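Asks: Under numbering that gives the first Met the number 0, the first residue of the sequence shown is numbered 0, with each subsequent residue one higher. Glycine included, C-beta positions come from ideal geometry on N, C-alpha and C. All values derive from a computational prediction rather than experimental measurement.
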Amino acid sequence: MDFENRNLFGGGEAISVAVKRGARDPEPSVQIKFQDDKFGNPHGYSLEAFQDYIGPEKYSSDKDGEQNTNDIDTDNPLLTRRGLTFRLSTPIPQSILQRSGISASLERTNTRKGETESIASTTVQLGPYAKDLPSGNLRHSILTTITTGTRLLQSSMMKPYLAGTILARQIIPLVNNRNSSPVLQGMSSSSSSPLLAFRHSLTTSSPNLPRHEANAAGVSSRVRGYSSGSNGPISSSIVGTTELRVPFTVNKLKIGSGSLVLFADWLLALPKTGFESYSGSTSSTTSSLPSENKVTSSSSTDELRGGDNPLSSSTIIKKASIGMGLRKDFQGIPIKYDLSLTMDGKVGAFFGMGKDFDVL
């Protein structure tokens, strides 16, 4: 449920309220955001108060009927995070970089057993820097995000951390002639050219990355055909996507225009290990991923755990999938449907809403 007022005090101020709740979430996530056009740039600043449910999505019952989670910390999973975020758009002069942003956050997380952790962080966003290359109408963009912060545990121990992501996208039109031949029987090519699209991202972090940030990194590195939480918490990853997007128009059946997508996804990642309890002690844990999704150099349990340093782990999460999908707008709503085949030989289907990635 969303509500927005774009002229709160008559000067163009905007306030929005968003309430979301998953089918299995015991409580909703709430976000209240105030935005104003100040500081001499078109987007100004924003102040956001949030309460997010970040608990496990799946539960299983033991013999006694008690609910357990398959989160990496089954005894004491995270539940919620609450805090404030201040964002400033375009802090870098646009003569130097067209798009940039900086934000500062204060938040507190708590677990099922009532343990808490305070986190202060600052994030700098450089880009996306987009450019059209002269040859072949190729477009590409690069976005860099750097986050630095400090965790304050209940034991008053401070744990600084650092994380960064580089995201690159390329869009290559394959045909410039709008009157090209039909792409499929019964379908004529639309006014748009078939596109070859690439997206690659590199993410890395220091050992003290907060647990919910490691979980979020695992979800954002999802490969189609696998569940959103199958990666578990990760510390570093390289993710790649290649798509061939073929537009079509079906006039006889009054289906209209849309596009077929052939895709290939892949992932290499290091799991996050050695989570500290909020009292400051470290618990070495291993990911609960199936063994077929791991590449290990040794069967030694000690080597698999990897200690506090994720780069010392000999376990590598390895995933890949191929498939095809359909893209179609219904009443202005972009719909996507994908069928995929993973490297494990599993067939999956995904239905969702939203546009495919682009270079903007």
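Is DSSP giving Glu12 helix, strand or coil here?
Replies: Glu12 falls in the coil class under three-state DSSP.
Asks: Quick check on Glu26: does DSSP put it in helix, strand or coil?
Replies: Note: Glu26 maps to coil in three-state DSSP.
Asks: Helix or strand or just coil, what does DSSP make of Arg210?
Replies: Looking at Arg210 - three-state DSSP - the assignment turns out to be helix.
Asks: Using the rule of at least 16 other Cβ atoms within 10 Å of the residue's Cβ for burial, across every protein chain shown, is Ser120 buried or exposed?
Replies: The residue is buried, with at least 16 neighbouring Cβ atoms inside 10 Å.
Asks: By DSSP, does Ile71 sit in helix, in strand, or in coil?
Replies: Because Ile71 carries a pLDDT of 42, less than 50, the predicted location of this residue cannot be relied on, and the following value inherits that uncertainty. Coil.
Asks: What did DSSP end up calling Ser155 once you bin it into helix, strand or coil?
Replies: Coil at Ser155, not helix or strand.
Asks: Which ranges does the alpha helix (DSSP H) cover as unbroken runs of at least 4 residues, wholly within the stretch 193-257, from first to last along the chain?
Replies: The stretch 193-257 contains these whole alpha helix (DSSP H) runs: 210-219.
Asks: Give the range of the beta strand (DSSP E) segment to which Lys318 is assigned.
Replies: Here the beta strand (DSSP E) through Lys318 covers 314-329.
Asks: Mapping DSSP to helix, strand and coil, what is Gln93?
Replies: Of the three classes helix, strand and coil, the one that applies to Gln93 here is coil, per DSSP.
Asks: Have a look at Ser227 and Glu212 and give me their C-alpha separation to the nearest angstrom.
Replies: Ser227 and Glu212: Cα-Cα distance of roughly 15 angstroms.
Asks: Return helix, strand or coil for Ile361, following the three-state DSSP convention.
Replies: Since the displayed the chain opens at 0 and closes at 359, residue 361 lies outside it and no answer follows.
Asks: Roughly how many angstroms lie between the CA atoms of Glu12 and Ile31, to the nearest whole one?
Replies: Each residue's Cα considered, the two are about 14 angstroms apart.
Asks: With 16 other CB atoms within 10 Å as the buried threshold, where does Ala268 fall?
Replies: Buried, because 16 or more other Cβ atoms sit within 10 Å of the Cβ of Ala268.
Asks: Grab me the residues of Ser234's own chain with a C-beta within less than 6 angstroms of its C-beta, minus the 5 sequence neighbours each way, in chain order.
Replies: Answer for Ser234: Ser204, Leu269, Lys271, Pro309, listed in chain order.
Asks: Return no unless some Cβ of chain C is closer than 8 angstroms to the Cβ of Ile165.
Replies: Any reference to chain C falls outside this structure, which holds one protein chain only.
Asks: Is Arg111 helix, strand or coil by DSSP?
Replies: Of the three classes helix, strand and coil, the one that applies to Arg111 here is coil, per DSSP.
Asks: In angstroms with no decimal places, state the Cα-to-Cα distance between Val18 and Met0.
Replies: Rounded to the nearest angstrom, the two C-alpha atoms are 5 angstroms apart.
Asks: Under the rule that 16 or more other beta-carbon atoms within 10 Å means buried, what is Leu83, buried or exposed?
Replies: Its Cβ having fewer than 16 others within 10 Å, Leu83 is exposed.
Asks: For Ala319, which residues of its own chain have a beta-carbon under 8 angstroms away from its beta-carbon, when the five flanking residues on both sides are left out?
Replies: Excluding positions up to five away in sequence, the list reads Val222, Ala263, Asp264, Trp265, Leu266, Thr341, Met342.
Asks: Which residue or residues does DSSP assign as beta-bridge partners of Pro130?
Replies: Per the sequence shown, the amino acid found at residue 130 is Lys instead of Pro. According to DSSP, which records beta bridges pairwise, Lys130 is partnered with His139.
Asks: Looking only at C-alpha atoms, which of Pro25, Tyr44, Leu125 sits nearest to Gln93?
Replies: For Gln93, the nearest C-alpha among the options comes from Leu125.
Asks: By a C-beta neighbour count over all protein chains shown, 10 Å radius and 16 as the cutoff for buried, is Asp24 buried or exposed?
Replies: By the 10 Å Cβ count, Asp24 comes out exposed.
Asks: Compare the beta carbon distance of Lys158 and Leu152 with 8 angstroms and say whether it is the shorter of the two.
Replies: Yes, the pair counts as a contact, with Cβ atoms nearer than the cut-off.
Asks: To the nearest angstrom, how far is the alpha carbon of Gly224 from that of Glu242?
Replies: Roughly 15 angstroms between the two C-alpha positions.
Asks: Assign Met352 to one of three DSSP states: helix, strand, or coil.
Replies: Met352 falls in the strand class under three-state DSSP.
Asks: Is Ser191 helix, strand or coil when you go by DSSP?
Replies: Coil at Ser191, not helix or strand.
Asks: With 16 other CB atoms within 10 Å as the buried threshold, where does Phe247 fall?
Replies: Burial call: buried.
Asks: Just mark Gln330 as buried or exposed, buried being the case when its beta carbon has 16 or more other beta carbons within 10 Å.
Replies: Exposed is the call here.
Asks: What first and last residue would you give for the beta strand (DSSP E) that runs through Gly43?
Replies: Looking at the DSSP string, Gly43 is not in any beta strand (DSSP E), and its letter there is neither H nor E.
Asks: Distance, Cα to Cα, Lys130 vs Phe49?
Replies: Answer to the nearest angstrom: the Cα atoms are 35 angstroms apart.
Asks: With burial defined as no fewer than 16 other Cβ atoms inside 10 Å of the residue's Cβ, what is the status of Glu116: buried or exposed?
Replies: Buried: at least 16 other Cβ atoms inside 10 Å.
Asks: Name, in chain order, the residues that DSSP records as bridge partners for Asp35.
Replies: According to DSSP, Asp35 bridges with Tyr44.
Asks: Compute the Euclidean distance between the alpha carbons of Ala22 and Ile53, then round it to the nearest angstrom.
Replies: Each residue's alpha carbon lies about 14 angstroms from the other.
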